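Undergrad: In case it helps, full-length UniProt numbering puts the sequence shown at residues 1 to 361. Even glycine gets a Cβ: it sits at the ideal position worked out from N, Cα and C. On a predicted model such as this, the values are computed, not experimentally measured, just so you know. Quick one: this structure, given as structure tokens, is what I'll be asking you about.
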Amino acid sequence: MSTMKAAICHAFGTPLVIEEVEIRGPKMGEVEVELDAVAICHSDLSYQDGGFGGYLPALFGHEAAGRITALGDGVQGFEIGDSVAVTLIRACGHCDSCGSGSPTTCETPVDYAASPVTTKDGTPVYHAMETGAFAEKTVIHHSQIVKIPADMPKDVACLLSCGVITGVGAAVITGGVTAGQDVVVIGAGGVGLNAIQGARIAGARRIIAVDMHQDKLDAAKEFGATDGVLASEPKPWNAAKKILGRGADAVLVTVGAAPVYDVAPRYLAARGKVVMVGMPHGDKVATYSPLIMANQGQSILGSKMGGVVVKRDIPWMVDLYQQGRLKLDELISNRFTLEQINEAMEDTRSGAARRNVIMLR
């Protein structure tokens with residue numbers, strides 16, 4: 001066991017507490033990573049608010065990058081000192097989902113009581129999303145890490161661990177956007193900007209960003225949006241259809257607000273698809289017309305973490321970044337220390353930030 005500083009949640013809806021906790025070493029199939037940077041995702045806010053459930057005390061954070069400092073037995077393909085991106089995608093490698101190339105929906109249960117972290121008095125700390133990265137170190141399953149170039153800045157690299165793969169993957173992998181298609185992205189925050197980048201990389205003809213704020217629509221054009229529509233318009237789907245001349249082939253919903261899902265199908269063309277990316281709290285529901293969607297041959301697809309295979313897709317995105325075809329540096333709004341994490345969380349909650357990053361080294 002060793003000690004480290006971590007931001008612990010002791011009660012939902014309250015600020016995180018910076019304290020010394022204990023972390024065990026890696027067991028069979030696990031690695032220990034000393035973290036350099038972790039970005040704040042809206043899922044972290046949902047966990048903090050109690051919207052995703054879980055146990056207390058808890059350690060959140062799942063979008064990180066650092067260096068391997070210890071290897072458990074049976075880990076192959078990694079060495080101490082390797083720079084890695086740390087993700088929440090824990091894959092057993094042998095269930096039906098993993099075997100069919102969909103590790104983001106791994107079906108093997110996780111023992112949440114087996115957290116590697118405890119408080120100083122020995123109380124287990126819930127390792128949220130199997131990552132617990134709002135801390136100086138993490139111990140995770142080897143399937144959750146991917147090698148990255150040693151010279152790649154960790155504050156940039158950590159963005160690949162969730163927000164970037166979620167947005168780009170929603171367009172390219174789950175949404176299957178192809179050259180010449182038209183795409184609407186609802187929400188021009190951090191994930192939305194990456195969904196826009198994904199649609200651009202896939203060769204979409206028109207990419208319409210929809211958001212409540214004009215400044216976000218302006219920013220969306222920097223990432224590849226061809227047009228913007230204010231969601232505050234009486235019927236923004238009509239404005240989008242006027243631009244396209246028809247409905248969209250894909251509508252990517254990147255905000256975690258259930259009412260948005262009520263109206264998302266209205267943007268669609270015949271045979272179009274709604275891709276569900278943003279995740280509302282578990283008690284929220286949405287409604288739509290099965291008659292209209294069935295008659296038009298439309299569909300709704302869930303997209304967890306963009307449906308990526310991290311060891312295939314993160315290196316691909318690193319290469320796009322190195323070529324200048326994928327924007328990452330421009331996604332970082334602010335950098336904070338661990339001691340400033342509550343300030344960073346509230347800034348993220350305001351919706352003003354693309355991505356706030358906690359610098360741990």
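Compare the beta carbon distance of Leu-301 and Val-275 with 7 angstroms and say whether it is the shorter of the two.
TA: For this step, residue 301 is matched to residue 301 along the sequence shown. For this step, residue 275 is matched to residue 275 along the sequence shown. In this structure, Val-275 lies closer than 7 angstroms to Leu-301 by Cβ.
Undergrad: Helix, strand or coil: how does DSSP classify Ser-43 here?
TA: Here residue 43 refers to the residue found at position 43 of the sequence shown. Ser-43: helix per DSSP, three-state reduction.
Undergrad: For a test of the three-state rule: what should DSSP assign to Glu-79, helix, strand or coil?
TA: Counted from its first residue, the sequence shown places residue 79 at position 79. Coil at Glu-79, not helix or strand.
Undergrad: Between Gly-272 and Gly-307, is the Cβ-Cβ spacing less than 7 angstroms?
TA: Taking the sequence shown and counting its residues from 1, one reaches residue 272 at position 272. Taking the sequence shown and counting its residues from 1, one reaches residue 307 at position 307. Not in contact: Gly-272 and Gly-307 (Cβ atoms no closer than 7 angstroms).
Undergrad: Using the beta-carbon count (16 or more within 10 Å), is residue 364 buried or exposed?
TA: Residue 364 is absent from the model: the chain starts at 1 and stops at 361.
Undergrad: Output yes or no for whether 7 angstroms exceeds the beta carbon distance between Phe-60 and Phe-134.
TA: In the sequence shown, counting from the first residue as 1, residue 60 sits at position 60. In the sequence shown, counting from the first residue as 1, residue 134 sits at position 134. Yes, the Cβ-Cβ distance between Phe-60 and Phe-134 is below 7 angstroms.
Undergrad: Identify whether Lys-27 lies in helix, strand or coil by the three-state DSSP scheme.
TA: On the sequence shown, position 27 is the one that residue 27 refers to. DSSP places Lys-27 in coil when its eight states are reduced to three.
Undergrad: How would you label His-94, buried or exposed, when you count the other beta carbons within 10 angstroms and need 16 or more for buried?
TA: Taking the first residue of the sequence shown as position 1, residue 94 is located at position 94. Exposed is the call here.
Undergrad: If you run the structure through DSSP and keep just helix, strand and coil, what is Pro-124?
TA: The residue labelled residue 124 in the question sits at position 124 within the sequence shown. If DSSP states are grouped into helix, strand and coil, Pro-124 belongs with the strands.
Undergrad: Looking at the structure shown, is Arg-67 part of a helix, part of a strand, or coil, going by DSSP?
TA: As a first step, residue 67 is located in the sequence shown; it is residue number 67 there, counting from the start. Shown here, Arg-67 sits in a strand according to DSSP, grouped into three states.
Undergrad: Sort Val-164, Asp-211, Ile-173 and Ala-202 by Cα distance to Val-191 and report the nearest one.
TA: Taking the sequence shown and counting its residues from 1, the one referred to as residue 191 is at position 191. Here the closest residue by C-alpha is Val-164.
Undergrad: Report back the beta-carbon spacing between Val-110 and Arg-90 to the nearest angstrom; my notes put them in contact at under 8 angstroms.
TA: Taking the sequence shown and counting its residues from 1, the one referred to as residue 110 is at position 110. Taking the sequence shown and counting its residues from 1, the one referred to as residue 90 is at position 90. Rounded, the Cβ-Cβ distance is 7 angstroms, consistent with contact.
Undergrad: Give me, in chain order, the residues of the same chain whose beta-carbon lies closer than 7 angstroms to that of Gln-260; leave out the 5 immediate sequence neighbours on both sides.
TA: What you label residue 260 is simply residue 260 of the sequence shown in a count that begins at 1. A small correction: the amino acid at residue 260 is Val; Gln does not occupy that position in the sequence shown. Ile-186 and Val-253.
Undergrad: What separation, rounded to the nearest whole angstrom, lies between the Cα atoms of Ser-2 and Arg-205?
TA: Sequence index remark: in the sequence shown, residue 2 carries index 2 (1-based). Sequence index remark: in the sequence shown, residue 205 carries index 205 (1-based). Cα to Cα, the separation comes out at about 53 angstroms.
Undergrad: For Glu-346, does the three-state DSSP call read helix, strand or coil?
TA: Taking the first residue of the sequence shown as position 1, residue 346 is located at position 346. Residue state, collapsed to three classes: helix.
Undergrad: On the CB-based measure, 16 or more other CB atoms within 10 Å of its CB, does Asp-329 come out buried or exposed?
TA: One-based indexing of the sequence shown puts residue 329 at position 329. Asp-329 comes out exposed.
Undergrad: Do Val-139 and Glu-63 come within 7 angstroms of each other at the CB atom, strictly closer than that value?
TA: If you number the sequence shown from 1, residue 63 lands on position 63. If you number the sequence shown from 1, residue 139 lands on position 139. Not closer than 7 angstroms, so no.
Undergrad: Which residues in the same chain have their Cβ closer than 6 angstroms to the Cβ of Arg-266, if we skip the five residues on either side of it in sequence?
TA: Along the sequence shown, read from residue 1 onward, the residue named residue 266 stands at position 266. Once the five neighbours on either side are set aside, the close Cβ partners of Arg-266 are Trp-237.
Undergrad: Alpha carbons only, please: which of Pro-26, Lys-242, Gly-132 and Leu-268 is nearest the one belonging to Val-183?
TA: Your numbering for residue 183 matches position 183 in the sequence shown. When only C-alpha atoms are compared, the closest one is Leu-268.
Undergrad: For a quick check, are the C-beta atoms of Ala-209 and Ala-170 less than 7 angstroms apart?
TA: On the sequence shown, position 209 is the one that residue 209 refers to. On the sequence shown, position 170 is the one that residue 170 refers to. Between Ala-209 and Ala-170, the C-beta spacing is not below 7 angstroms.
Undergrad: Here's the rule I'm using: 16 or more other beta-carbon atoms within 10 Å means buried, otherwise exposed. How should Ala-219 be labelled?
TA: For the purposes of this step, residue 219 is taken as the residue at position 219 of the sequence shown. With 16 or more other Cβ atoms within 10 Å, it is buried.
Undergrad: Give the DSSP-derived three-state secondary structure of Asp-111 in the structure shown.
TA: Residue mapping note: residue 111 aligns to position 111 of the sequence shown, counting from 1. Correct three-state label for Asp-111: coil.
Undergrad: So, using beta-carbon positions, are Thr-166 and Met-345 closer together than 7 angstroms?
TA: What you label residue 166 is simply residue 166 of the sequence shown in a count that begins at 1. What you label residue 345 is simply residue 345 of the sequence shown in a count that begins at 1. Contact: no.
Undergrad: So, under 8 angstroms CB-CB, Ser-83 and Met-152 are touching, yes? Tell me the CB distance rounded to an integer number of Å.
TA: As a working note, residue 83 is residue 83 in the sequence shown. As a working note, residue 152 is residue 152 in the sequence shown. Indeed they touch by this definition, with Cβ atoms about 7 angstroms apart.
Undergrad: Quick check on DSSP: helix, strand or coil for Met-4?
TA: Start at 1 with the first residue of the sequence shown, and residue 4 comes out as number 4. Looking at Met-4 - three-state DSSP - the assignment turns out to be strand.
Undergrad: Have a look at Thr-108 and Gly-99 and give me their C-alpha separation to the nearest angstrom.
TA: Here residue 108 refers to the residue found at position 108 of the sequence shown. Here residue 99 refers to the residue found at position 99 of the sequence shown. Near 12 angstroms, if we compare the C-alpha coordinates of Gly-99 and Thr-108.
Undergrad: Residues in the same chain with beta-carbon distance under 8 angstroms from Pro-57, minus the five sequence neighbours each way, listed in chain order, please.
TA: Here residue 57 refers to the residue found at position 57 when the sequence shown is read from its first residue. Correct list, in chain order: Ile-8, Cys-9, His-10, Thr-119, Thr-123, Val-125 and Tyr-126.
Undergrad: For the alpha helix (DSSP H) that Arg-200 lies in, which residues bound it at each end?
TA: Translated into the one-based positions of the sequence shown, residue 200 becomes position 200. Run containing Arg-200: 190-202, per the alpha helix (DSSP H) assignment.
Undergrad: Is the stretch 226-234 in contact with the stretch 141-152, if contact means three or more CB pairs nearer than 8 angstroms?
TA: no
Undergrad: Could you tell me how far apart the beta carbons of Gln-144 and Thr-87 are, in whole angstroms, since I believe they sit closer than 8 angstroms?
TA: Here residue 144 is taken as the residue at index 144 of the sequence shown, counted from 1. Here residue 87 is taken as the residue at index 87 of the sequence shown, counted from 1. Their Cβ separation, rounded to whole angstroms, is 5 angstroms, which keeps Gln-144 and Thr-87 in contact under 8 angstroms.
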